[in-house]
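The number in this note's numbering is simply the position in the sequence shown, starting from 1, with 2 added. All C-beta atoms, glycine included, are put in the ideal place defined by N, C-alpha and C.
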Amino acid sequence: MKRVLIATITCAVPLLPLTASADAVSDFYKGNTITIITATGAGSAYGLHGRLLADAIRKNIPGNPKIVMQFMPGGGGAKQANYLYNVAPKNGAVIGFPLKYIAVNQMMGRKGLKYDAGKFGYLGSLGPINSVVAILKDKAPAYTLADVKKTEVIMGATGKSSETFITPTLMNNLLGTKFKIVTGYRGMKGVNLAMERGEVHGRAGSWDSMKSGQADWLDKNLVSIVALSGLSRNWDLRNVPTLIDLAKSNEQKAVLEFFGSGNAVGWLFVTPPSVPASRVAALRAAFDATTADAGYVAKVRGRGLDVQPKSGAQVDTIIRKTLSASPALIQRIKSAMKVK
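Laid out in C-alpha cells, this is it:
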C-alpha cells in the first residue's frame, strides 16, 4: 500500500510547476489588456486580418484579456518593428503584426532598423502573403511586362524597407523594367489613393489586400497584374509569372528566392523579446487554437482573405534560415538592390 501511495505522489509532483505556470499566466491576463500593434494603417488587409484575429483569439488566451488594436505605419514597417523591440512592454501585453520582410531587411543592413529579428517571440503566421505588381491600366503609359521594360511607369511606395520599394527595385535591376519609385506614402491606403489620383501608376503589395480593399478595380478590369513576388504562383493567378519564373540565371533565382522567404512567413505575429516563456507558450497555443477554428476561418474567408497557418516554431525556422544566409549571397542581393 505504501508503494502505491509513494508512486502516486511521485507522479503528481512534476505536474505542480505546470499547473502553477498556467495559473500564473491566467492571473496575469485576467482583467488585463493586450494591444496588437500593426505595421500598417487601419484600412489595409493587415488591419482587417488583425481585427478578425483579435475578435477570435481572446477566448483562447488564459484569463480572457481584452484586446485592442493599434496602428503604427511608417518607414516600410521599420517604425513598428523598432517600437516592438525597444519600447513595447516585454510582459506579454503586446503582440506585434509586423511586415513580412522583418528578417530580410535586417540581413540587407537597412538603415534605421534597431532590432534583432532573431530575438522576437514568433507566435505563428496566418499564411503566406502572395504579392503582386499591379498597374492601373487607365492611368499608366504602359501596363504589360514587355512594355514596362520600354516605358517609365511610376510606382508608389511607403518606404525602402517595404515590398512596395523592394519588389520594383529588384525588377529594375534584375529584369530590366523602368519603374520610377516614389516613396513616402503613408501605408498602402496612401499608395492606393495616389494611384486613383494618377500621381502614381502602380504598386507592389498583397494580392489578398487588393482583393479585399480594391475589389471594384478588379471587377471593372482596371488592373493589370504584371508579376507575382512569391515563391509560387497563386491559385487564382495561374497565368501570372512569379519573379523567379522570370529570372535569367541561377544567381538571380537565388536572390529572388531569398526575398521570397518573406512571402513564406507572410502574415506573422510576434511578441517583443524577453517576454516570459510561459506567456509566449500560452499565446502560441491560443494562436494555434484560433487558426484551427472553423468558424474563424470561415469569417476570414468571407472577407476575401485566407488562412493557411504556420506554427510559431515553423515561422521561427524560416526566420533563422533567412538570418543565416551566407555573406556571398547577401553581397549579391545588395548588388541587386544597389544598397550602399
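Can you tell me which of the three DSSP states residue i falls into?
| i | result |
| --- | --- |
| R240 | coil |
| L230 | strand |
| I305 | Checking the sequence shown, residue 305 turns out to be Arg, not Ile. If DSSP states are grouped into helix, strand and coil, R305 belongs with coil. |
| Q216 | coil |
| G79 | helix |
| Y124 | strand |
| I11 | Unreliable placement is indicated for I11, whose pLDDT of 31 sits below 50; the coordinate value is still reported in the next sentence. Helix, per DSSP. |
| G178 | coil |
| R235 | coil |
By how many angstroms is the C-alpha of residue j removed from the C-alpha of residue i?
| i | j | result |
| --- | --- | --- |
| S280 | S337 | 42 Å |
| Q316 | R188 | 31 Å |
| G268 | D140 | 31 Å |
| G200 | V193 | 10 Å |
| R286 | G314 | 6 Å |
| L270 | L128 | 6 Å |
| I168 | K162 | 7 Å |
| D318 | P311 | 13 Å |
| P67 | G33 | 6 Å |
| A41 | N84 | 10 Å |
| A148 | G120 | 40 Å |
| G215 | P278 | 37 Å |
| F289 | P170 | 33 Å |
| A47 | S208 | 8 Å |
| V155 | A144 | 7 Å |
Considering only C-alpha positions, which residue in the set the options is nearest to residue i?
| i | options | result |
| --- | --- | --- |
| L101 | G114, P91, M74 | M74 |
| K151 | V272, K180, S214 | K180 |
| R53 | M71, N62, N66 | M71 |
| K255 | G43, T292, I246, L233 | I246 |
| A296 | I59, N107, A119, G186 | I59 |
| L115 | P91, G123, G79, T35 | G79 |
| N132 | V299, A266, F30 | A266 |
**Request:** Please confirm if the stretch 85–98 is in contact with the stretch 175–188, defined as three or more CB-CB distances below 8 Å between the two stretches.
**Result:** Output reads no: the stretch 175–188 does not touch the stretch 85–98.
**Prompt:** Would you call the stretch 242–258 and the stretch 215–223 in contact, with 3 or more CB pairs under 8 Å?
**Reply:** The stretch 242–258 vs the stretch 215–223: no contact.
**Prompt:** Curious, which full-length beta strand (DSSP E) runs of at least 3 residues does the stretch 26–114 contain?
**Reply:** Qualifying beta strand (DSSP E) stretches, in chain order: 35–40, 68–73, 96–99.
**Message:** Could you check whether the stretch 296–308 touches the stretch 84–93, counting it as contact only if at least three pairs of C-beta atoms, one from each stretch, sit closer than 8 Å?
**Reply:** With the cut-off at 8 Å, the stretch 296–308 and the stretch 84–93 do not touch.
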